[in-house]
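Everything below concerns the one structure shown next.
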Ligand code: ARG
Ligand code: ASP
């Protein structure tokens with residue numbers, strides 16, 4: 270990795286907050302318009318977000334509560350990532366219809382598959398309500414009093430607005446509580462699966478390539494939004510009709526060239542760009558390394574068993590992906606922060622902040638901020654560490670985590686209404702079927718031995734869950750746990766559920782797995798959570814003031830609020846990067862790279878025969894780049910984070926170039942410190958998406974509904 274000298278880094282620090290960084294509020298985009306147009310944009314801020322006419326925002330949705338999607342036809346056709354649709358693709362998959370392995374394509378609307386529980390949310394309008402929310406509030410008042418006033422104000426404003434809108438009203442803090450915006454949302458709950466490629470395409474490279482460039486993942490899936498006859502949200506019904514958006518995205522076949530302006534429009538979940546140095550250091554050098562170390566040990570165990578047995582590989586695929594995604598990202602965060610001097614840059618900035626605070630009398634609120642941050646983060650550290658062990662070492666022991674589901678059943682008394690017990694039993698039966706389908710006890714036993722050993726080694730006896738202190742010998746304890754707990758046996762769990770009577774509760778309460786779970790929860794409830802929340806309340810105040818201070822210190826600078834799962838625009842250029850001396854990454858990959866990576870023996874690198882055929886014939890049609898190859902993915906210097914998956918990346922004319930799905934590993938620190946030289950987002954090229962839909966799947970019915978701009 271490129272290692273900038275400390276001095277260069279510090280000199281750069283003076284301007285590091287500009288240049289590419291920023292997740293902008295769509296309704297305020299007029300302040301960025303000039304810069305965007307200077308970078309090449311040919312449309313206006315008003316084309317992106319407007320209340321007076323249709324605009325690009327009408328095509329963007331929050332998909333399934335965690336990703337972004339975009340509408341690409343007048344019939345509610347929606348694109349998002351394969352990994353965003355994964356859950357629903359999996360739910361429709363069975364041995365007979367294995368859509369994960371083989372893909373799925375609805376050749377007409379009658380074949381589309383309803384997805385219960387899946388919804389999409391459109392933002393209809395946003396309003397700045399800062400003054401109303403902060404009415405009568407000031408920074409000198411008691412924090413509790415301040416929060417009470419704010420909550421009252423928010424309730425009143427929402428009630429007022431709700432009176433004359435059909436939309437769902439909410440108010441969210443921006444700039445760490447210095448500003449507030451009201452959001453009018455509309456949620457559609459009839460969303461159907463229309464198509465997805467086989468995992469060999471949609472997840473090509475799998476966890477091996479995850480977070481890494483060069484990348485060749487065809488990470489897309491297709492859904493359709495349905496509405497009632499008036500275009501309003503309605504629960505699933507055969508009578509519903511495709512939703513007609515005020516606007517759908519046009520698709521460009523021109524592709525993205527180095528240096529081209531590009532922007533991403535979507536729902537980034539969470540960033541923390543305004544933390545003090547001590548917090549960044551804690552995250553990157555204390556918390557993340559613990560989680561990485563623990564998860565790495567678990568992943569080693571998974572890998573070993575997964576390599577030996579095909580069934581186990583499938584059973585642990587999703588768990589592996591889940592643990593592995595954070596594991597790899599946090600490793601990248603630590604590396605990135607340290608190599609690129611993230612903490613030092615923050616310290617350097619803090620020195621100038623301190624000078625500013627001392628510069629005038631009316632800045633008294635800011636003088637002690639940094640000192641207080643140091644103190645509060647020091648206080649917070651042991652609690653965060655405890656929480657990290659609890660969630661990563663404790664609750665990754667599957668039998669203990671699973672037992673936790675039965676905690677409520679274990680509290681049933683003679684007074685609990687039978688209906689409620691029945692409901693509990695029904696949902697536990699489902700949880701239990703899902704659990705045992707993907708459970709392999711030898712893995713869990715080894716994870717338990719390893720995690721408990723780590724837990725005991727690193728957490729002091731007076732500050733850990735009580736059950737740990739009763740363990741004399743980890744191996745013996747684990748043996749006992751799996752021999753005695755009913756949660757190791759599906760038969761015993763079924764027996765409990767089939768013949769449940771309140772008199773069985775005594776036995777349930779003595780179950781060692783459930784006891785371990787309760788011991789961890791009690792520890793969290795009594796010794797971790799109260800202190801942690803109290804410190805976090807203090808920190809929220811410090812963070813709000815620090816943010817405000819920074820804005821006062823640099824009144825000319827355009828600040829962007831941290832991501833908070835609301836709609837944002839981020840922009841930059843299509844470009845590659847140099848992660849290391851002598852290493853130069855081109856901004857795009859092609860189908861050639863898929864063939865280079867091909868390895869029939871490695872699950873992540875199996876290439877679909879049909880794709881190979883198309884490659885051999887160079888049968889790319891109008892989806893080929895002008896260089897004749899099939900482009901698969903590309904990088905850009907656009908600031909993105911989790912939740913931006915599935916977001917459209919658009920060109921200077923606001924046409925769809927691709928779907929954002931990941932970031933490059935060297936720049937995953939961008940959630941804490943954004944560095945325009947190395948932070949890159951990764952998108953799948955829309956031409957590859959269309960090629961797969963058209964040439965690979967033959968779903969021309971879908972292509973025909975889209976608006977495709979050829980030149
Ligand atoms: N790293 C990406 C994100 O954070 C993609 C994760 C899904 N892909 C995977 N191979 N696990 O969500
Ligand atoms: N892969 C992430 C997502 O699913 C995007 C990112 O973290 O860059 O939202």
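Residue numbers (the working numbering): 270 to 980. The beta-carbon is built from N, C-alpha and C at its ideal position, and this holds for glycine as well.
Opposing strand residues paired with residue i [DSSP bridges]
| i | result |
| --- | --- |
| residue 459 | 495 |
| residue 532 | 840, 919 |
| residue 338 | 330 |
| residue 935 | Answer by DSSP bridge pairing: none, since residue 935 is not bridged. |
| residue 852 | 849 |
| residue 464 | 374, 491 |
| residue 929 | 952 |
| residue 521 | 978 |
| residue 681 | The partner list for residue 681 (beta bridge, DSSP) is empty, contrary to what the question assumes. |
| residue 449 | 442 |
| residue 510 | 496 |
| residue 293 | 838 |
| residue 905 | 843, 950 |
| residue 454 | 392, 437 |
| residue 383 | 461 |
Three-state secondary structure assigned by DSSP to residue i
| i | result |
| --- | --- |
| residue 858 | strand |
| residue 349 | strand |
| residue 403 | coil |
| residue 900 | strand |
| residue 413 | helix |
| residue 527 | coil |
| residue 441 | strand |
| residue 538 | coil |
| residue 395 | strand |
| residue 962 | helix |
| residue 664 | coil |
| residue 544 | coil |
| residue 420 | helix |
| residue 771 | helix |
| residue 599 | helix |
| residue 872 | helix |
| residue 569 | helix |
| residue 1024 | This structure gives no information on residue 1024, because the portion of the chain shown stretches from 270 to 980. |
| residue 322 | coil |
| residue 479 | coil |
| residue 733 | coil |
Whole-Å CB distance - residue i paired with residue j, under 8 angstroms assumed
| i | j | result |
| --- | --- | --- |
| residue 524 | residue 956 | 6 angstroms |
| residue 780 | residue 755 | 6 angstroms |
| residue 553 | residue 606 | 4 angstroms |
| residue 486 | residue 902 | 7 angstroms |
| residue 517 | residue 654 | Actually they do not touch by this definition, with Cβ atoms about 48 angstroms apart. |
| residue 871 | residue 534 | Contact flag wrong, Cβ pair sits at about 36 angstroms. |
| residue 476 | residue 590 | 6 angstroms |
| residue 522 | residue 977 | 6 angstroms |
| residue 500 | residue 351 | In fact, because the Cβ distance is near 29 angstroms, the residues do not count as touching under 8 angstroms. |
| residue 528 | residue 908 | Between residue 908 and residue 528 the Cβ distance is about 18 angstroms, and since that is not below 8 angstroms, they are no contact. |
| residue 392 | residue 642 | Actually they do not touch by this definition, with Cβ atoms about 34 angstroms apart. |
| residue 467 | residue 372 | 4 angstroms |
| residue 674 | residue 697 | 6 angstroms |
Close beta carbons around residue i, own chain, < 8 angstroms, minus the five adjacent residues each side
| i | result |
| --- | --- |
| residue 565 | 596 |
| residue 659 | 734, 789, 792, 793, 797 |
| residue 694 | 678, 766, 769 |
Sequence-distant residues of its chain with Cβ nearer than 6 angstroms to residue i (five each side left out)
| i | result |
| --- | --- |
| residue 717 | 666, 747 |
| residue 437 | 454 |
| residue 649 | 804 |
| residue 449 | 398, 399, 402, 440, 442 |
| residue 387 | 333, 357, 460 |
| residue 846 | 854, 947, 949 |
Close-in-space but distant-in-sequence residues of the same chain around residue i (CB under 7 angstroms, 5 per side omitted)
| i | result |
| --- | --- |
| residue 318 | 295, 296, 298, 324, 326 |
| residue 888 | 964 |
| residue 813 | 445, 446, 447 |
| residue 263 | This structure cannot settle anything about residue 263, because the visible part of the chain is limited to 270 through 980. |
| residue 473 | 485, 486, 487, 863 |
| residue 623 | 639 |
| residue 757 | 668, 710, 751 |
| residue 730 | 738 |
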